[in-house]
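Below you'll find the structure, written out as structure tokens, and then a few comments.
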Amino acid sequence: MILHPAIVALVLVSLLLTMMSLAGAFFGIRIIRRWDLSSGSEEQLVLERQTYLISTILSYVLVFEIGSLFLFIYTADSMHTLFTGAMCAAGTLYVDSYGYPALLLKILNVILAGLWLIFNGVDNRAYDYPLIRKKYAMLLILAPLILAETVVQTLYFTRMNADVITSCCGSLFSLEGGSLPSDIAALPVKAAMAGFFSVLGLTLSSGLVYRFTGRLGWLFSFSGGLFFPVAGAAFIAFISLYFYELPTHRCPFCVLQREYGYIGYPLYAALLVGVICALGVGLLIPFRNISSLAGILPRVQRKLTLGCLLAYLTFAGITVLQMVRTDFILLD
Amino acid sequence: MIKLSGIIKIFNSGRTNEFVAVGGVTLALEANRVTVLKGPSGSGKTTLLSLIGCMARPTSGRITLHNGLLSGKRFSGIGEVAEVEVTSLPERFLTEVRRQTFGFIFQQFNLVKGVTALENVMLPAYPLGEKHDTVRRRALDLLEMFGLKARAAARVEWLSGGEAQRVAIARALMNDPPVIIADEPTAHLDSKLSVDFMEIIAKLKAQGKTTVIASHDPLVCGAAMVDRVIAVRDGRIDGEGP
Numbered sequence: 294m295i296l297h298p299a300i301v302a303l304v305l306v307s308l309l310l311t312m313m314s315l316a317g318a319f320f321g322i323r324i325i326r327r328w329d330l331s332s333g334s335e336e337q338l339v340l341e342r343q344t345y346l347i348s349t350i351l352s353y354v355l356v357f358e359i360g361s362l363f364l365f366i367y368t369a370d371s372m373h374t375l376f377t378g379a380m381c382a383a384g385t386l387y388v389d390s391y392g393y394p395a396l397l398l399k400i401l402n403v404i405l406a407g408l409w410l411i412f413n414g415v416d417n418r419a420y421d422y423p424l425i426r427k428k429y430a431m432l433l434i435l436a437p438l439i440l441a442e443t444v445v446q447t448l449y450f451t452r453m454n455a456d457v458i459t460s461c462c463g464s465l466f467s468l469e470g471g472s473l474p475s476d477i478a479a480l481p482v483k484a485a486m487a488g489f490f491s492v493l494g495l496t497l498s499s500g501l502v503y504r505f506t507g508r509l510g511w512l513f514s515f516s517g518g519l520f521f522p523v524a525g526a527a528f529i530a531f532i533s534l535y536f537y538e539l540p541t542h543r544c545p546f547c548v549l550q551r552e553y554g555y556i557g558y559p560l561y562a563a564l565l566v567g568v569i570c571a572l573g574v575g576l577l578i579p580f581r582n583i584s585s586l587a588g589i590l591p592r593v594q595r596k597l598t599l600g601c602l603l604a605y606l607t608f609a610g611i612t613v614l615q616m617v618r619t620d621f622i623l624l625d
Numbered sequence: 002m003i004k005l006s007g008i009i010k011i012f013n014s015g016r017t018n019e020f021v022a023v024g025g026v027t028l029a030l031e032a033n034r035v036t037v038l039k040g041p042s043g044s045g046k047t048t049l050l051s052l053i054g055c056m057a058r059p060t061s062g063r064i065t066l067h068n069g070l071l072s073g074k075r076f077s078g079i080g081e082v083a084e085v086e087v088t089s090l091p092e093r094f095l096t097e098v099r100r101q102t103f104g105f106i107f108q109q110f111n112l113v114k115g116v117t118a119l120e121n122v123m124l125p126a127y128p129l130g131e132k133h134d135t136v137r138r139r140a141l142d143l144l145e146m147f148g149l150k151a152r153a154a155a156r157v158e159w160l161s162g163g164e165a166q167r168v169a170i171a172r173a174l175m176n177d178p179p180v181i182i183a184d185e186p187t188a189h190l191d192s193k194l195s196v197d198f199m200e201i202i203a204k205l206k207a208q209g210k211t212t213v214i215a216s217h218d219p220l221v222c223g224a225a226m227v228d229r230v231i232a233v234r235d236g237r238i239d240g241e242g243p
């Protein structure tokens, strides 16, 4: 293990997140089994007092979870100089077999944490705890995933060995690698562009319809959720080429570096905000008929829709601006 | 109506100094009535009042405010409701229910020293965000109602005991609450002022207010406008009188 300050911070934050989320999940089991708002029992009143505290603590903890993703990526990127062959975070994550699983788990957990925060925010705004059981059931899914993330991330850091010769992003995201990233990189550019702009168009149009009429909520949530992987694949398939102005460089990590103005951070942050907001809209649709949420949910869903639209427009805006501005010509 | 179901309040629960202040009270307090909780010191009257007034939460049991008390009241996040169960409400909702439903008169009056009588009366209205002029006008009207308009600009430490008490009553009425909660209101008053206080309570009753008073003062318990006297002893209901 390399005792880099950021690694120590990430490991400690992960341990803290795991402890708090497991404690929250343990409390959640009590809520799911024992919650009865019609009862005035001592246990029920204690649960009512504790849930406010627990959910507040978890809210802060999960904000740390979201922040830790960007610290993880930044750390992986900044450490590439320690490994022979690595040119960016892509190589650092490849130094052992736990790097990419840790990253994927972190992305998944950030999305789930965002959804939990939305759910919790809505539940706390109603006076009769309408989503409390579902909120803690969701935590029962999230907590083991956070534990898994901590284990995989710790394995990744402890197995790191500076003597290892790793692969650079050029080979990991090449057209002939035979791996999933290579297959994505090998997608036909026109098809990738068509897919990217179609899903973007569908998300924006259904989002606008939903924002102003309250219709097509499911379609918006689905297309907004779909845009996240589509945009990721599109970045590798063709967007990256416009940023690097090279016909063969398709790395999704090099844009996080200074040479590219750290533009990858706002790009990926926009994608994450967009997918969380879009999925959040769909997550809340089944609860529109709960009377205590009737005045709250439409407002929250409209805000989430606006958040998603702005985030995806930011992503698309930066991307299209680069495509227009650069001298690089991919398609005639 | 204020309905209490199986209310228990235990302080320092599970510790060696555990104390059961209220030991299982089930009670219904009718609207537009004057109810007195009567009992010796330490009997649990004040604890019961603080639970009714949503200033404390019970260890177990539920308290429900029924329609009649809540007519015309609209709580943000809850809406206009016929009844509301207050013990399960998160604090952010409970604060508004407490602010709009109850006016409190304390044994020591608890006026804020260093500011005027008028400013003391205006205080409960500040969180509601009304226009300052509207609040000021209403506070002056209340002071006038209690014959204190001339003392509006006087600091509260300059007021006599009777004046201070009437300022405290005016403050309790500032947000036009349907329920007045008074804890030993005559404890520091002589007989005449105590009688004057009960006359004010009679006027409030005539205006449709519901009043709950904790007291062991015979002048209060025996007053003509009192509809119900509930004896409290050792945290339990120990009988009832007219």
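Those sequence lines, one after another, are chains D and B.
Under the numbering used here, the first residue of the first sequence is numbered 294, with each subsequent residue one higher.
Under the numbering used here, the first residue of the second sequence is numbered 2, with each subsequent residue one higher.
Ideal placement from N, C-alpha and C gives every residue a C-beta, glycine not left out.
{"Asked": "Near-chain D residues of the segment 91-107 of chain B - C-beta to any C-beta below 7 Å", "Found": "Pro91, Phe94"}
{"Asked": "Glu341(D) - partner residues in DSSP beta bridges", "Found": "According to DSSP, which records beta bridges pairwise, Glu341(D) is partnered with nothing at all."}
{"Asked": "Cβ-based neighbour list, Leu438(D), same chain, cut-off 8 Å, excluding 5 preceding and 5 following", "Found": "Leu398, Leu401, Asn402, Leu405"}
{"Asked": "Enclosing beta strand (DSSP E) for Val180(B) [first to last residue]", "Found": "180-184"}
{"Asked": "Classification of Asp416(D) by the beta-carbon crowding that lies within 10 angstroms, buried from 16 upward", "Found": "buried"}
{"Asked": "Span of the alpha helix (DSSP H) around Ser498(D)", "Found": "482-506"}
{"Asked": "Ser61(B): contacting residues in chain D (beta-carbon distance under 7 Å)", "Found": "Gly333, Ser334, Glu335, Leu338"}
{"Asked": "For Lys10(B) and Thr344(D), the rounded distance between their alpha carbons", "Found": "20 Å"}
{"Asked": "Contact list for the segment 423-445 of chain D against chain B, Cβ threshold 7 Å", "Found": "none"}
{"Asked": "Simplified DSSP assignment, three categories, for Val445(D)", "Found": "helix"}
{"Asked": "Cβ of Leu386(D) within 8 Å of any chain B Cβ", "Found": "no"}
{"Asked": "Contact check, Phe520(D) vs Leu501(D), beta carbons under 8 Å", "Found": "no"}
{"Asked": "Cβ-based neighbour list, Phe320(D), same chain, cut-off 7 Å, excluding 5 preceding and 5 following", "Found": "Gln343, Ile347"}
{"Asked": "Chain A residues whose Cβ lies nearer than 7 Å to that of Tyr345(D)", "Found": "This model lacks chain A altogether; the protein chains it does include are D and B."}
{"Asked": "7 Å CB neighbourhood of Gly162(B) in its chain, flanking five on each side removed", "Found": "His189, Leu190, Leu194"}
{"Asked": "Opposing strand residues paired with Gly241(B) [DSSP bridges]", "Found": "One detail in the question is off: residue 241(B) reads as Glu in this sequence, not Gly. Looking at the DSSP assignment, Glu241(B) forms a beta bridge with Ile231(B)."}
{"Asked": "Beta-carbon proximity check, Val457(D) vs Val523(D), cutoff 8 Å", "Found": "no"}
{"Asked": "Residues sharing a beta bridge with Ala215(B), DSSP", "Found": "Leu38(B), Asp184(B)"}
{"Asked": "Chain D within 8 Å of Arg58(B), Cβ atoms only", "Found": "yes"}
{"Asked": "Anticipated Cβ contact below 8 Å, Ala436(D) with Leu305(D), distance rounded", "Found": "Contact doesn't hold; Cβ gap of about 18 Å is too wide."}
{"Asked": "Contact residues within the segment 392-424 of chain D, judged by C-beta distance below 9 Å to chain B", "Found": "Asn417, Arg418, Ala419, Tyr420, Asp421, Tyr422"}
{"Asked": "Sub-8 Å separation of Ile201(B) and Thr212(B) beta-carbons", "Found": "no"}
{"Asked": "Neighbour flag for Gly25(B) against chain D, beta carbons, 8 Å", "Found": "no"}
{"Asked": "Sequence-distant residues of the same chain with beta carbon closer than 6 Å to Ile556(D), five excluded per side", "Found": "Val548"}
{"Asked": "Proximity test, Pro41(B) beta-carbon vs the ligand ZN heavy atom, cut-off 7 Å", "Found": "In the structure on display, the ligand ZN does not appear, and there are no ligands present to speak of."}
{"Asked": "Proximal chain D residues relative to Gly7(B), where beta-carbon distance stays under 8 Å", "Found": "Gly333"}
{"Asked": "Beta-carbon neighbours of Leu330(D), restricted to chain B and to distances below 7 Å", "Found": "Ser89"}
{"Asked": "Host alpha helix (DSSP H) of Lys10(B) (start-end)", "Found": "Taken as a continuous stretch (DSSP letters only), Lys10(B) belongs to no alpha helix (DSSP H), being part of the beta strand (DSSP E) at 3-12."}
{"Asked": "Residue-chain proximity (Glu358(D), chain B), Cβ-Cβ < 8 Å", "Found": "no"}
{"Asked": "Distance between beta carbons of Leu310(D) and Leu572(D), contact taken as under 8 Å", "Found": "Between Leu310(D) and Leu572(D) the Cβ distance is about 21 Å, and since that is not below 8 Å, they are no contact."}
{"Asked": "Limits of the unbroken alpha helix (DSSP H) element including Arg63(B)", "Found": "Taken as a continuous stretch (DSSP letters only), Arg63(B) belongs to no alpha helix (DSSP H), being part of the beta strand (DSSP E) at 61-66."}
{"Asked": "Length of the line joining the Cα atoms of Asp228(B) and Glu241(B)", "Found": "11 Å"}
{"Asked": "Beta-carbon proximity list for Ile589(D), same chain, < 8 Å, skipping 5 on both sides", "Found": "Val415, Arg418, Ala419"}
{"Asked": "Presumed contact (8 Å Cβ cut-off) between Leu143(B) and Val122(B), rounded CB distance", "Found": "6 Å"}
{"Asked": "Of the residues Lys206(B), Ala173(B), Gln109(B), Lys132(B), the one placed nearest Glu158(B), counting alpha carbons only", "Found": "Gln109(B)"}
{"Asked": "Own chain, CB closer than 8 Å to Gly24(B), minus 5 neighbours either side, in chain order", "Found": "Ile9, Gly45, Asp235, Gly236, Arg237"}
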